[in-house]
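Novice: Sequential numbering of the sequence shown, starting at 10, is according to the working numbering. All C-beta atoms in this analysis are idealised placements derived from N, C-alpha and C, irrespective of residue type, glycine included. Please read these numbers as outputs of a predicted model, since none were measured by experiment. First the structure, which I've put down as structure tokens, then a few questions once you've had a look.
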Amino acid sequence: MGGKLNALYWALGEDDVVTIVDLPDAESAAALGMAICASGLARTKTTRLLSADEVDVALGKIVEYRAPGK
Numbered sequence: 010m011g012g013k014l015n016a017l018y019w020a021l022g023e024d025d026v027v028t029i030v031d032l033p034d035a036e037s038a039a040a041l042g043m044a045i046c047a048s049g050l051a052r053t054k055t056t057r058l059l060s061a062d063e064v065d066v067a068l069g070k071i072v073e074y075r076a077p078g079k
């Protein structure tokens with residue numbers, strides 16, 4: 010997939026294993042998750058993390074939002 014496994018943790022609770030992987034794009038992450046789930050032996054949940062630069066871009070965007078009831 011052209012990625013790298015950065016960390017692997019075993020956990021107690023809802024999730025048994027947590028991994029941090031660096032993949033080239035979201036499509037690669039989706040393909041990897043689907044392949045793992047297709048085995049029928051595991052389920053995956055993906056959380057895309059943002060870099061500091063991506064957060065800075067997001068903070069610079071103007072959002073017109075009004076909370077319900079306001």
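Going by CA-CA distance only, name the one from T56, L32, A40, G42 that's closest to L14.
Specialist: As a position in the sequence shown, residue 14 is number 5, starting the count at 1. Out of T56, L32, A40, G42, L32 has the C-alpha closest to the C-alpha of L14.
Novice: Please identify the residue among A47, G42, V64, G22 whose C-alpha is closest to the C-alpha of K54.
Specialist: Here residue 54 refers to the residue found at position 45 of the sequence shown. The candidate whose alpha carbon is nearest that of K54 is G42.
Novice: Using three-state DSSP, classify V30 as helix, strand or coil.
Specialist: Within the sequence shown, numbered from 1, the residue matching residue 30 stands at position 21. The answer is strand: DSSP assigns V30 an E or B state.
Novice: In chain order, what residues of the same chain have a beta carbon less than 6 angstroms from the beta carbon of A44, not counting five sequence neighbours either side?
Specialist: Numbered from 1 along the sequence shown, position 35 holds the residue referred to as residue 44. Same-chain partners within the cutoff: there are none.
Novice: Which residue or residues does DSSP assign as beta-bridge partners of Y18?
Specialist: Translated into positions along the sequence shown, residue 18 becomes position 9. In the DSSP output, where bridge partners are listed per residue, Y18 has V27.
Novice: Hey, A35 and R52 are a contact pair by Cβ (cut 8 angstroms); roughly how many whole angstroms apart?
Specialist: To locate residue 35, count along the sequence shown from 1; it is residue 26. To locate residue 52, count along the sequence shown from 1; it is residue 43. Between R52 and A35 the Cβ distance is about 19 angstroms, and since that is not below 8 angstroms, they are no contact.
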